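Asker: Residue numbers (this note's numbering): -12 to 122.
1. I need the DSSP call for residue 97, collapsed to helix, strand or coil.
2. Tell me the rounded alpha-carbon separation between residue 17 and residue 41.
3. Thinking C-beta only, is residue 0 closer than 8 Å to residue 95?
4. Compute the Euclidean distance between the alpha carbons of residue 36 and residue 57, then round it to the nearest angstrom.
5. Going by C-alpha distance, which of 73, 78, 46 and 72 is nearest residue 19?
6. Alpha carbon to alpha carbon, what distance is there between residue 2 and residue 90?
7. Between which residues of its own chain and residue 87 is the CB-CB distance below 7 Å, once the five residues before and five after are set aside?
8. Report the three-state DSSP secondary structure of residue 65 (helix, strand or coil).
9. Give the DSSP-derived three-state secondary structure of residue 38 in the structure shown.
10. Can you pull the DSSP bridge partners for residue 102?
11. For the ligand NAP, is there a heavy atom less than 7 Å away from the beta-carbon of residue 1?
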C-alpha cells in the first residue's frame, strides 16, 4: 500500500487483503527485539528461526495444506544465509502503528485501480465507518 502510494507510476493495479493472509500470526514481541539496533543484528538469526519454525507453523497449523505454497512464497526472500538480516531490514522500516494508521488517508488518494477484499470487519474497513475505503 505504501509503495503504491509513494510510487504510483510503478504500480498498475493493487489488490489489498484484509485481514492478513495469516490472521493467527501475532509474533510482535519477536519483532520488537529485532527492531533494536545491535541487539537486532545479534539476535536476527535466532528470531528468524523462531519465526519460521514456531510462529508460522502455529499460524498455519489448521490450514497447512492449503497455505503451503503461500508460506513458501512468503518465506523465500527471508531464507538463505542473509535471510535473517533481510527480515530485520523489513521489520525496521517505520513504526508499525504509524504505517497502519496512515493507510485510511492514503486509500482515497490512489489513482490506480484498487480492489479490497474484506473478509470481516477490521479497524480499517468497519461497516458504516467514515474511513471505509471506496473502490
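C-beta atoms are modelled at their ideal positions from N, C-alpha and C, and glycine is treated no differently.
Computed from a predicted model, the values in this text were never measured in an experiment.
Answerer: Once the coordinates are examined:
1. As a position in the chain shown, residue 97 is number 110, starting the count at 1. Coil, per DSSP.
2. Along the chain shown, one-based indexing puts residue 17 at 30. Along the chain shown, one-based indexing puts residue 41 at 54. Approximately 11 Å between the Cα atoms of the pair.
3. As a position in the chain shown, residue 95 is number 108, starting the count at 1. As a position in the chain shown, residue 0 is number 13, starting the count at 1. In this structure, residue 95 lies away from residue 0, with their beta-carbon atoms at least 8 Å apart.
4. Translated into the one-based positions of the chain shown, residue 36 becomes position 49. Translated into the one-based positions of the chain shown, residue 57 becomes position 70. Going from the Cα of residue 36 to the Cα of residue 57 covers about 18 Å.
5. As a first step, residue 19 must be located in the chain shown, where it is residue number 32. Considering only alpha carbons, the answer is 78.
6. Stepping through the chain shown from its first residue, residue 90 is reached at position 103. Stepping through the chain shown from its first residue, residue 2 is reached at position 15. Approximately 14 Å, taken between the alpha carbons.
7. Here residue 87 corresponds to residue number 100 of the chain shown, with the count starting at 1. There are no such residues.
8. Position 78 of the chain shown, counted from the first residue, corresponds to residue 65. Residue state, collapsed to three classes: helix.
9. Residue 38 sits at position 51 when you count from the first residue of the chain shown. It is helical.
10. Residue 102 sits at position 115 when you count from the first residue of the chain shown. Under DSSP, residue 102 forms a beta bridge with 2.
11. As presented, the structure is devoid of all ligands, the ligand NAP included, so that no description of it is given.
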